[in-house]
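In the numbering used here, the protein residues as written are 9 to 211. Note that beta-carbon positions come from the ideal geometry of N, C-alpha and C, so glycine has one too.
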Amino acid sequence: DLVLMDIHLKGKMDGIEAAGVIRNRFGIPVIFLTAYSDEDTVQRAKLTEPSGFIVKDTFGILNKPFEEDELTTTIEITLYRHRMEKRLREHEKWLAAVLNSISDAVIATDSLGQVKFMNRLAEDLTGWIEADAIGMDLEKIFKILETESAIKKISMQTVTVPMEQVALISSNGSQNLVDGSITPIKDNGNIEGLVVIFRPVKR
């Protein structure tokens with residue numbers, strides 16, 4: 009469930025390397041409990057994304073290597089956060105499965121208009137693979153003349169902007185007529201992203 013890791017270990021691999029392997033292979037949270045707190049060590053440890061970093065008392069000020077209350081609190085917080093992150097990952101997988109099964113193409117962006125998700129139909133219609141499109145501007149992936157004006161309307165705090173029989177230009181230059189809409193994702197009046205839903209026009 010959780011690993012308490014010292015940095016100084018016997019053998020060729022130190023605790024930081026071990027923590028990196030554990031995180032990448034098993035996804036188990038790691039808390040460092042160590043006497044090593046120099047800047048270089050801390051910076052290396054950060055790269056493994058530890059859930060905590062507790063420095064042992066090597067000078068005997070506490071008459072014990074660490075405060076038990078601090079360790080207990082760190083463990084409880086880490087386990088709780090790990091459970092919440094696991095639930096979030098499971099929810100994201102479930103949501104992605106749902107969006108991939110619907111009959112419309114879907115593209116979602118962040119607040120900067122950069123692509124965060126595409127389902128399979130969106131890949132087919134745009135010619136872009138999701139892995140290549142992630143982080144790219146919406147206008148480059150969802151390439152139609154009306155995109156710019158639609159986003160301008162949304163930036164003025166409007167509601168869903170419909171699209172009717174607009175020409176979508178795929179990555180290979182071919183064009184398809186699509187219907188759909190662009191909807192802002194709002195939180196307390198602030199736009200957190202956009203959802204583009206579209207489908208080919210039946211002829």
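So the candidates are S182, I199, Q51; which of them puts its Cα closest to the Cα of T134? Along the sequence shown, one-based indexing puts residue 134 at 126. Comparing Cα-Cα distances from T134 to each of S182, I199, Q51, the minimum goes to S182.
Report the start-end ranges of each beta strand (DSSP E) in the region 71-122 that is 3 residues or longer and not cut off at the edges. Here the runs fully enclosed are 113-117.
Which residues in the same chain have their Cβ closer than 6 Å to the Cβ of S163, if we skip the five residues on either side of it in sequence? Taking the first residue of the sequence shown as 1, we reach residue 163 at position 155. Residue confidence for S163 is low, a pLDDT of 47 falling below 50, so the modelled location carries little weight; the figure read from the coordinates is stated next. Annotation for S163: no residue places its beta carbon closer than 6 Å to its own, counting only its chain and skipping 5 residues before and after.
Boundaries of the beta strand (DSSP E) in which T42 is found, first to last residue: The count along the sequence shown starts at 1 and reaches residue 42 at position 34. That run of the beta strand (DSSP E) goes 38-42.
So for F34, helix, strand or coil by DSSP? As a working mapping, residue 34 is identified with position 26 in the sequence shown. Of the three classes helix, strand and coil, the one that applies to F34 here is helix, per DSSP.
Taking a contact to mean a Cβ-Cβ separation below 9 Å, would you say I115 touches F61 in this structure? Against the sequence shown, residue 115 aligns to sequence position 107. Against the sequence shown, residue 61 aligns to sequence position 53. No; because the gap between Cβ atoms is not below 9 Å, this pair is not in contact.
Please state the DSSP three-state secondary structure of L55. Stepping through the sequence shown from its first residue, residue 55 is reached at position 47. Note: L55 maps to coil in three-state DSSP.
Distance check for A141 and T117, CA to CA, integer angstroms please. The residue you call residue 117 lines up with position 109 of the sequence shown. The residue you call residue 141 lines up with position 133 of the sequence shown. Cα to Cα, T117 sits roughly 11 Å from A141.
Given this structure, state the Cα-to-Cα distance separating V186 from W136, to the nearest angstrom. Reading the sequence shown from its first residue, position 178 is the one you call residue 186. Reading the sequence shown from its first residue, position 128 is the one you call residue 136. Taking the Cα positions, V186 is about 16 Å away from W136.
Cα-Cα separation between S109 and V204, rounded to whole angstroms: Here residue 109 refers to the residue found at position 101 of the sequence shown. Here residue 204 refers to the residue found at position 196 of the sequence shown. S109 and V204 have their C-alpha atoms spaced approximately 16 Å apart.
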